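> In our numbering, the protein residues as written are 2 to 131.
Backbone N, C-alpha and C define an ideal beta-carbon position, used for all residues, glycine too.
Quick caveat: nothing in here was measured; it's all calculated off a predicted structure.
I'd like to ask some things about the structure below.
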Amino acid sequence: MNELRQPQPRQVLPIISIVTFLGFLDTHLVIPILALYASELGASIGVIGLIIGLYSLTNTPANILFGRLIDKIGYKLPLIFGLIGDALSMFLYSVSRLPIHLALVRVLHGTTGASIGPTTMSVIADYSGG
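See the structure below:
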């Protein structure tokens with residue numbers, strides 16, 4: 002019989018820990034660089050604050066939505082979506098030429114990044130044996 006073997010916690014937890022760490026690391030390391038970049042592109046201090054804050058403004062409600070979605074469809078697709086969105090956001094930050102571009106990328110980053118946190122926490126809960 003061809004049964005699929007379930008991954009063991011000792012196999013999954015280190016990988017998901019690295020994914021979680023990198024997902025949060027790139028999000029937070031970009032903040033000081035993004036502020037300087039926005040200033041260089043001509044954004045005022047108020048606009049820079051708005052650009053930085055847009056991540057949280059979109060990420061917080063999207064976390065709730067992704068949490069519910071993960072409960073319904075599982076965590077594989079939302080995690081892939083979040084990681085691809087995260088990588089795409091990093092690329093789009095680098096090619097942005099106007100403060101409005103940075104703001105739009107920040108919304109994208111906040112929305113797609115919202116799937117990483119709930120997904121990785123769900124995986125950890127499932128595999129931690131608790």
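Should L99 and L42 be called a contact, given that it needs their Cβ atoms to be closer than 8 angstroms?
Yes; because the gap between Cβ atoms is below 8 angstroms, this pair is in contact.
> Roughly how many whole angstroms lie between the Cα atoms of S97 and Q9?
Roughly 42 angstroms between the two C-alpha positions.
> Does the beta-carbon of L26 have 16 or more other beta-carbons within 10 angstroms, so that it is buried, or is it exposed?
So L26 ends up on the exposed side.
> Hey, out of T120, I53 and I16, whose CA is closest to A39's CA?
Closest by alpha carbon: I53.
> Please state if the CB of A63 and the CB of G111 are separated by a distance shorter than 8 angstroms.
Yes, the pair counts as a contact, with Cβ atoms nearer than the cut-off.
> For L66 and L58, I'd like the C-alpha separation in whole angstroms.
Answer to the nearest angstrom: the Cα atoms are 14 angstroms apart.
> Can you name the start and end residues of the alpha helix (DSSP H) that R69 belongs to?
Counting along the chain, the alpha helix (DSSP H) containing R69 begins and ends at I46 to I74.
> Roughly how many angstroms lie between the CA atoms of I81 and G118, to the nearest whole one?
Their Cα atoms are separated by approximately 12 angstroms.
> Are the beta-carbon atoms belonging to V13 and V124 less than 8 angstroms from one another?
Contact flag set, yes.
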